[in-house]
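Have a look at the structure below before the remarks.
Numbering (this note's numbering), first residue to last: 776 to 999.
What follows is the structure, encoded as structure tokens:
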């Protein structure tokens, strides 16, 4: 998801509306700001794109064990504000107030979604992103407890697979995502995959979340 940008940046020379933002995702670009207090937004079109193949999500033995512990609760769209604020709560962030407001607008329209991880009633991790067709464009994630973001991604991938999604765009590839099966592809290859995903309908809310972490493991790691 969002990381350091070195190529493919374009200034947003017009006012960014929720409708324009959604169209940007359909063409393969996404917005960022330099920092929290910078009012300017620029468009990003990476030459190398991070994706998380939905059939290649890597569940290690240790992650499978952690998922099965079920000392946590997972929800969908229960605290979008809490998730985006958790993602912005770091020393350096690309989420400024305008970007926050834009994603809240997409959430209200049903185009942006959050998945939350709770422990003892506290929000400890989560991920949010935008859906266009059968593509899920992951924006950012955060973790306040060990493995909370891995738990969030595992539950999200399981839900994406069961609701008809074919593309999980992570924008950039980080070591964390690579450890879970993330890869880099060219800009051209990404646009080809996005084009195919846009032809398909998918709805993240068409199926319930898994009933337990053990069920997630069974779906993602059938061999046990």
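Note that CB positions come from ideal geometry on N, CA and C, so glycine has one too.
Quick check on residue i: buried or exposed, where buried means 16 or more other Cβ atoms within 10 Å of its Cβ?
i           : result
residue 888 : buried
residue 795 : exposed
residue 916 : buried
residue 991 : buried
residue 967 : exposed
residue 864 : exposed
residue 944 : buried
residue 925 : buried
residue 836 : exposed
residue 848 : exposed
residue 897 : exposed
residue 946 : buried
residue 845 : exposed
Please report the Cβ distance between residue i and residue j, rounded to the nearest whole angstrom; I am assuming they are in contact, meaning their Cβ atoms lie under 8 angstroms.
i           : j           : result
residue 909 : residue 941 : 5 angstroms
residue 870 : residue 811 : 7 angstroms
residue 996 : residue 907 : About 29 angstroms; that fails the 8 angstroms criterion.
Can you tell which of the options has its C-alpha closest to the C-alpha of residue i?
i           : options               : result
residue 959 : 989, 871 and 821      : 821
residue 911 : 898, 961 and 972      : 972
residue 957 : 831, 989 and 892      : 831
residue 939 : 924, 923 and 976      : 976
residue 882 : 955, 855, 893 and 872 : 855
residue 964 : 981, 826, 993 and 924 : 826
residue 816 : 792, 829 and 803      : 792
residue 867 : 946, 807 and 974      : 807
residue 797 : 886, 813, 936 and 982 : 886
residue 851 : 918, 936, 982 and 994 : 982
residue 914 : 961, 845, 893 and 879 : 879
residue 922 : 950, 841, 877 and 834 : 841
residue 962 : 984, 809 and 819      : 819
residue 937 : 790, 873, 994 and 872 : 994
residue 862 : 893, 918, 805 and 809 : 918
Taking Cβ to Cβ, would you say residue i is nearer than 8 angstroms to residue j?
i           : j           : result
residue 899 : residue 875 : no
residue 927 : residue 902 : yes
residue 857 : residue 895 : no
residue 843 : residue 986 : no
residue 929 : residue 838 : yes
residue 948 : residue 979 : no
residue 955 : residue 833 : yes
residue 803 : residue 952 : no
residue 814 : residue 873 : yes
With a threshold of 8 angstroms between beta-carbons, can residue i be considered close to chain C, or not?
i           : result
residue 992 : In summary, chain C is missing from the structure at hand, where a single protein chain is found.
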